[in-house]
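According to the working numbering, the sequence shown is numbered sequentially starting from 563.
Below you'll find the structure, written out as structure tokens, and then a few comments.
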Amino acid sequence: MKSGLCLSMTLLSVNIFASGTTSGQTLNETKINFEIKANTSLKNVLSDLQKQTKFNFFYSSSSVNKQTIVGPKQNFSGTADELLAEILENTGLAFSEQGNRVVIYENVASTKNKPKFQTRKISGTVRDENGSPIAGVTVTSKLNPTYSTTTNDKGIFEISTTGNNDFLQFSFVGYKSQEIPVGSKETINTSMDLAIGSLDEVVVVGYGTQKKATVTGAVAQIKGEDIAKSPVANVTNALVGRLPGLRAVQRSGQPGADGSGIDIRGFGNALVIVDGIPSSMSNLDPNEIETFSVIKDASASVYGVRAANGVVLITTKKGKIGKPSINYSTYYGFQRINKFPELGDAALYAELSNEAVTNTWHINGRTSTLSLPFSKEQIEQYRNGTLKSYDWFNEAIQKNSPQSYHNLNVSGGTEDVKYFMNLGLVDQDGFWKSGATNYKRYNVRGNVEAKIVNGLTAELNLMARMGKTNNPSTSTPLLMAGLYRTYPTYSFYANDNPEYPGIPNNASQNTLMLMDRNKTGYNDQTEKEFNGIFSLRYDIPKVEGLYAKAYYAYNNKITDVKNYNRKYNLYSYNADNKTYNVGFTGNTPSNLNVSNLNEVNTVFQLSLNYNRRFADAHNVSGLFLFEAQEGTTNSLSAYRQFLIDGVDELFAGIAANQRNDGSSSESARLGYVGKFNYDYKGKYLAEFAFRYDGTYKVMDGSRFGFFPNASIGWKINEENFLKDVSFIDLLKVRASHGKVGDDEDIAAFQYMTGFTYPNGNYIFGSSAIPGLVDRGLPNYLLTWYTSKTTNIGLDVSLWKGLLGAEIDVFYRKRDGLLANRLLSLPNSFGAVLPQENLNGDSHKGFEIMLTHKNRIGDFNYSISPNMSWTRSKNEYLERAPSTNLVDNWRSNNSNRWKNIYWGYVADGQFQNQEEINVAAIQDDQANKTLLPGDIRYKDLNGDGIITGADQQVIGRGTTPELFYGLNMSAGYKNFDLSLLLQGASNFNAYFTEELQNPLFNNASAYAMFADRWHRADQFNPDSEWIPGKYPSTVSSGTNNNKRVSSFWLKDASYLRLKNFELGYSFDKEMINKLKIRNLRVYVSGQNVLTFDKIKYIDPEAESGRGNYYPQPRIWTAGLNIGF
């Protein structure tokens, strides 16, 4: 064979029959038997050799694709390295073995046709991102491309250059190209980064992986290293703005309970899968994440009934062949309140209190003597500081709260065993000065992959997590409410003595006392979670590309809550006899409530997988999978009261009023998955998949459903009419359609008869006996609802990745949503019928993401904007019969957009009493209760009276419809910079209660109400009115000003500098002498800047009152070091 092989440009076919596989063997240990027909391409031989031996071959297409082996039919029997040596002879190519990687490279250290320049030799070493040498990297002189060479198996090269003004260009398949100035250097060592986002990038899809260029569904992916840039305790908060269609909102900044939620395209809560098991992403360590993929269209149906709103697939890191790589990352920083409404001082509170009394007196006809709570002298004394104004907010809140993070991981391995071990710790304090709030989480993970025998691989993933959240015994909303409900005229302490907490206007809400866990108790929660995943993969012999896989996952989560409410006293001071007296006692008696929740979930899978290429043109892959999921939940709780304070254990409680409780539940799901992919020469792409799924929630006969999806793609750039257009790397159109089932809102076992127990109590003698109530008729008709989703997409890549675009448009329609039948029943019908599958809705929208990456000498940068828009509509919404046309207009929401606000249209504010007198009646009292500055409403039907008939849609609701982000990064030599801008629009915030009415519900007032309508002299009720932004004050507000109207609906659109990071990597030549592989320091910020139109509350805050725990602005300094 050796003498008979030659090369030409002719492309014919090859049939290869091989025996023997390799697992943990080198090339010279791998026996190969080939029967080679005449004339075949070198590319085909390498492809088949890779499939037969499990070695991965890397090469430049320009070097290999043009090579063809020509000769008569030959038989070869020998080792793999002997075969490679013979077929590469006379090709100018060579190979290098690196573990299970074989690099084919041009074996030319070219010195031909050297021009007459003053040359100088440069040598060096090229390594990958892990510090391992890379063989086969092409190194070329920029000024004289005839000077070119490749690195050897140790990554070493030597090349001639044209002098100091020259540049060396480094290129290798799958890695980002580099250009380095020569200058006066004699040695140039460099490392190459993987070309993330290239057409060869592999993305995680349903039950497998696929090259991005051949994906036909709507899938987006980012790397874990991008997520790790954000200094957040909850990974969810690091995702917003990075991927189109992925929507995350942080409602709070409370440690361990920040209210962060994630959905895809506005569909609802997405299913999160971590290494194959349904889980939560909020508690993951960012440094253990390898990839983060989002399946946005109907291809999510392969994950079953919980995947109707899309799926988030998270894979954790695995070991790589090579020496142990040790990495340590840490940061330390501070949190500061991002935005919160400012509380007014005592002078403003006194003015508002006087104003409220005067306005109420005026509205009631001035029939009594006007008596004001504060004199002019008192207000002046509060203003000049003679009388003290107490700022409860600043007394309770600290300006800087620490947050820290530590991570240590080790990875490495051989061909037989690969491993990744990770340990993480996050520690986040809250804003309370008392230190009562803290969140601490420990993450431990170990992933091991081992080749047992030839063709049999085992994988074991173990994860343990413990998170502890410490809080005061009083809930956060009540603590926040206490801060703005307490009058600034009340002292924190009796006689300003910190030993005796004072009694505020609302006696039970001395917030400073309630925040002190040592005095009033605590509410602590501990979560412990364990995951164990074991899988086996067996490559079936004699059937190329076929393997079987068994997978078992076990998840156990235990949540313990201990809520201790300790008896406490508040005091008053008697100045006459100088004594402190107990004026209020809270938490009487001291009590303890403990609970335990134990959840166990298991997933078992058996699958057959097939992947093969035929005739160098037909790529076929398939999957058939069986999956069974089971879950159990057990809960216990106990309550005791105490006669003795300070003993916070159940055994010390008394028998009186004790309570014990417990419950358990079970769940099960069964599914069969089929998936088939085909592409012809990577040009015409198709996928068909289905899931036959069963749920425990509905009765037999409706329990199983068949949910198929299909998608197609066309890579237009592979057609002959575009193939020679060099600047088009990829031009692909794709479309998908499918159906997904959903049982999220279905209460289980409605088809069964039974009883609700306990339900109320019955008194027999002196004992309270729990009651038992019949559940009513069984519901046999209920089944799951379905979603049908259509997606059309376009993927573009130009100038070798310099520019890129991904565009998607989608439409989803849901049928069979649950509702109680009302429309067909008379309004006098008194009973409630069982739920039925009656309602329906739809979503439509689009997404776009653009990318631009470039390198100019030592400077590289990337820019990637993205945007997504979604709007939802009620197709049908069951309702009671309309009583009239107005009721039908207001209440019939079928065929009407969701996320809208109904209310009255504000038409400015009354400027004087004359305008009030001639206006439409707004208060049912001939406008006698209205004042100048009050809100005027449009009389839309012109009947002279403002009623419900004058309501209309006044704006968008509180859910953003448009999300956008801008990811930017840059690097210059050893410096790197990344910025993430994120924003949202087409939504509103609605001000209610304390943000609508100063002194609401006996509260204090926000400083914003200094700008209001008021009399020039509040001690003269007949003085002229001074205009302001808000209406004048009446205790708890007037009914007129509290109407739902456009006056209180605020545009909540915002743009945030969500993340900022600036880093510096130390020169490798210097740190390598210290046995350090890489060393990087950085500073970063989260929620750095916010641009919006709302002055008083955070645009992402859930509450329109201002009683939310504020979001933090976080600044950190960090370190990454590798050995």
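Backbone N, C-alpha and C fix where the C-beta goes; we use that ideal spot for every residue, glycine too.
Model, not experiment: these values are computed from the prediction.
DSSP places Glu1161 in the strand class (E or B) of the three-state scheme.
By alpha-carbon distance to Pro1039, the top candidate from Pro1672, Asn595, Phe617, Gln614 is Pro1672. In the structure shown, the three-state DSSP call for Ile1410 is strand. Within the same chain, and ignoring the five residues on either side of Met1570 in sequence, the residues whose Cβ sits closer than 6 Å to its Cβ are Tyr1658.
For Pro1674, the enclosing beta strand (DSSP E) covers residues 1674–1684. In the DSSP assignment, Trp1451 falls within the unbroken alpha helix (DSSP H) covering 1447–1453. Rounded to whole angstroms, the separation of the alpha carbons of Ser739 and Ser753 is 10 Å. Per DSSP, the continuous alpha helix (DSSP H) segment holding Asn1080 begins and ends at 1079–1082. For Tyr1084, the closest alpha carbon among the candidates Arg1099, Lys1129, Arg1047, Lys1090 is that of Lys1129.
Taking 8 Å as the cut-off, the beta carbon of Leu589 is found no closer than this to the beta carbon of Thr653. Burial check for His1576: the Cβ neighbour count within 10 Å reaches 16 or more, so the residue is buried.
Under the 10 Å beta carbon count, Thr1036 is surrounded by 16 or more other beta carbons and is classified as buried. Membership of Gln1220 in the beta strand (DSSP E) is indicated by the continuous run 1216–1242.
Pro1039 sits in a helix when the DSSP states are folded into three classes.
Its Cα nearest to that of Glu1476, the residue Leu1493 stands out among Ser1531, Leu1493, Ser1646, Tyr1466. As a beta-bridge residue in DSSP terms, Ser1547 pairs with Leu1524. Between Asp1241 and Asn606 a beta carbon distance of about 17 Å is seen, past the 8 Å cut, so the two are scored as non-contacting. Cβ-Cβ separation between Thr1509 and Ala1551: approximately 27 Å, too far for a contact (criterion under 8 Å). By the Cβ test, the stretch 835–853 is in contact with the stretch 796–805, since at least three Cβ pairs between them sit closer than 8 Å. For a cut-off of 8 Å, the C-beta gap from Ile835 to Phe854 is around 11 Å, too long to register as a contact. Taking 3 residues as the minimum length, the beta strand (DSSP E) runs contained wholly in the stretch 800–866 are 808–811, 823–826, 833–836, 851–857, in order along the chain. Distance from the CA of Leu805 to the CA of Ile784, rounded to the nearest whole angstrom, comes to 8 Å. Between the stretch 1336–1355 and the stretch 764–773, the count of C-beta pairs closer than 8 Å stays below three; the two stretches do not touch. Per DSSP, the beta-bridge partners of Gln897 are Ser963, Ile1676.
DSSP places Ile789 inside the alpha helix (DSSP H), whose first and last residues are 786–789. Partner residues in the beta bridge of Ala1200, as assigned by DSSP, are Val1156, Asn1222. In the displayed model, Gln940 falls within a helix according to three-state DSSP. For Ser966, same chain residues with a beta-carbon under 6 Å away, outside a window of 5 residues either side, are Tyr894, Asp989 in chain order. Shown here, Trp1346 sits in coil according to DSSP, grouped into three states, outside any helix or strand. When the Cα atoms are used, Lys1637 and Ala697 turn out to be separated by approximately 23 Å. Excluding the 5 residues flanking it on each side, Ser1053 has same chain C-beta neighbours closer than 8 Å at Lys950, Tyr952, Gly1064, in chain order. Sequence-distant partners of Gly823 (beyond 5 residues in either direction) whose C-beta falls short of 8 Å from its own C-beta, in its chain, are Thr798, Ala810, Val811, Arg813, Asn831.
The C-beta distance from Asn1559 to Lys1490 rounds to 20 Å, too long to fall under 8 Å, and the pair is not in contact. Shown here for Arg1383: same chain residues with a beta carbon closer than 7 Å to its own, the five before and five after excluded, namely Leu1395, Glu1398, Leu1400, Glu1440 in chain order.
Around the CB of Ser1288, fewer than 16 other CB atoms lie within 10 Å, so the residue is classed as exposed. For Lys1630, no beta strand (DSSP E) encloses it; the enclosing alpha helix (DSSP H) starts and ends at 1630–1634.
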